[in-house]
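Heads up: the sequence shown begins at 1 in full-length UniProt numbering, then just goes up one per residue.
Heads up, the beta-carbon is just placed ideally off N, CA and C, and yes, glycines get one too.
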Amino acid sequence: MADQQSNDTPLEGTPAGDVEMGSSGEFAAEDTNAAAEQQAGGDDDAGDEAVEMAEIEPETPKFLKFLDYLKSPIVEILVGKGEDQTLLTAHEALLVKSPFFEKQCAEFSAGDSRHIELLDEDLEAMGSLLEYLYHGEYFPKRLSADKDSKLESDPTVPGPDIEGVSLLKHARVYTLADKFGLPELKSLAHSKIHRTESTAHGEIAYARYVYANTSPNDNTIRKPVAAFWAHRSHVLRHQAEQEFRSMCLEFPQFGFDVLSLVLDAKEKRSHARSEAMGEPVVGIAASGSGSVEPPRSARKRARVSHG
C-alpha cells in the first residue's frame with residue numbers, strides 16, 4: 001500500500017493537472033489533432049479532385065438551331081470564269097462544316113469583307129454543295145429512304161441522257177465533296193451515281209471524268225467503273241467503239257483495270273471447269289486487280305440501250 005501511495009503522489013514541481021491527464025490523455029490529444037489534420041487534408045484533396053474532375057469534364061456541344069446559322073455572317077463565293085462566272089453567297093456557320101471553308105473563314109479579320117474565289121470549280125456542282133449544306137440533300141433527291149430508292153425526275157436532263165449529263169453532275173459533286181472534306185456528301189453523290197440511267201456514250205463520258213479527276217487509289221469510284229465495263233464491254237464497246245478505243249488510249253490504267261477483271265473472270269471459269277472435269281488445276285495467281293472474283297458491277301442503275 002505504501003508503494004501505491006508513493007506512486008500516486010505528484011513529484012515536486014510537477015503540475016497536478018499533468019499528472020491527472022496521465023499518458024493516455026497525451027495520446028488522446030495527439031490522436032485528436034491528427035484526426036483534425038487528416039480531415040482538413042481530406043477536404044483539400046476533395047477540393048483538388050473536384051478541380052480535376054471539372055478540368056476533364058467533357059464540354060457539352062453547343063446546340064445550334066437553324067436560325068442560328070442564318071444569323072451568322074454572309075460570305076461571298078465567286079465561282080467560275082468568263083461568262084459563266086457567278087457570285088454566290090452563303091452563311092458562314094454553314095460553310096465552316098467544311099474544313100476547307102473553315103480554314104478560309106478563319107483568315108477573315110473583323111470588319112473585312114468575307115470573299116472567297118473558286119475560279120476553277122464547276123458552278124452547278126458548287127450549287128449542289130451549298131444546297132446540301134443548307135438542307136442535307138441536293139436535287140435530284142431520293143424518292144424514299146430505301147437504299148434502292150430511285151431519284152426524282154430532272155427536267156433539265158434530256159431523255160435518253162446520251163451525253164451522261166446526270167452521271168457527270170453527281171461525279172462533279174463527288175470530287176468537290178472530296179476536295180472540301182465533306183465525306184457524307186461524297187457518299188451521297190456516289191449513291192446517286194448508281195441510281196442514274198445512262199447510255200454507252202454517257203458511260204464513256206463518265207469514265208473519262210472519273211479517271212481524269214480522281215486519285216488512282218480511289219477504288220470507291222474507280223473500281224465500279226472498271227467492273228461495269230468489264231461486265232458489259234462485249235456489248236457496250238460496239239455501241240461506242242470509237243469512244244471506247246480513245247478512252248483506253250487516253251487512260252491506259254482504265255484499259256488495264258478492265259482487262260484485268262475480264263481475265264480474272266475467264267481464269268476463274270477455266271478453273272471451275274477443270275475442277276468439274278476432274279482435271280489437275282494449276283494455282284491461280286491474282287492479277288493486278290488483286291482479285292480473282294468475276295467482275296460485278298456495283299451499279300444498281302439501268303442503262304438505256306441507245307447508241
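Check: Should Met247 go down as buried or exposed, given a rule of 16 or more other Cβ atoms within 10 Å for buried?
Finding: Label assigned to Met247: buried.
Note to self: For Thr89 and Asp148, I'd like the C-alpha separation in whole angstroms.
What the structure shows: The alpha-carbon separation between Thr89 and Asp148 amounts to approximately 34 Å.
Next item on the list: Alpha carbon to alpha carbon, how far is Leu64 from Ser166? Give it in angstroms, no decimals.
Entry: A direct Cα-Cα distance of roughly 34 Å separates Ser166 from Leu64.
Item checked: Three-state class that DSSP yields for Arg208 in the structure shown -> Helix.
Item checked: Leu129 to Ala177 span [Cα, whole Å] -> Those two C-alpha atoms are separated by around 7 Å.
Check: What is the residue span of the alpha helix (DSSP H) that Ala240 lies within?
Finding: No alpha helix (DSSP H) contains Ala240, which DSSP labels as neither H nor E.
Next item on the list: Kindly indicate which three-state DSSP category Glu197 falls into: helix, strand or coil?
Entry: Three-state result, Glu197: coil.
Check: Can you name the start and end residues of the alpha helix (DSSP H) that Glu92 belongs to?
Finding: Segment Glu92 to Leu95, the alpha helix (DSSP H) holding Glu92.
Next item on the list: Figure out for me which residue from Ala171, Thr175 and Glu197 has the closest Cα to the Cα of Asp154.
Entry: Answer by Cα proximity: Glu197.
Check: Looking at the structure shown, is Ala28 part of a helix, part of a strand, or coil, going by DSSP?
Finding: At Ala28, the pLDDT of 48 sits below 50, so the modelled position is not reliable; the number obtained from the coordinates is stated separately. Three-state DSSP puts Ala28 in a helix.
Checklist line | For Val262, the first and last residue of its enclosing alpha helix (DSSP H) | finding: Val262 -> alpha helix (DSSP H) spans Pro252 to Ala276.
Next item on the list: Please classify Leu168: is it buried, with 16 or more other beta-carbons within 10 angstroms of its beta-carbon, or exposed?
Entry: Burial of Leu168 is indicated by the presence of at least 16 other C-beta atoms within 10 angstroms of its C-beta.
Note to self: If you follow the beta strand (DSSP E) that Val75 is in, where does it begin and where does it stop?
What the structure shows: In this chain, the beta strand (DSSP E) harbouring Val75 covers Ile74 to Val79.
Next item on the list: Leaving aside the five residues before and after Arg208 along the sequence, list all residues of the same chain whose C-beta is less than 8 Å from its C-beta, in chain order.
Entry: Cβ within range, chain order: Met247, Glu250 and Phe251.
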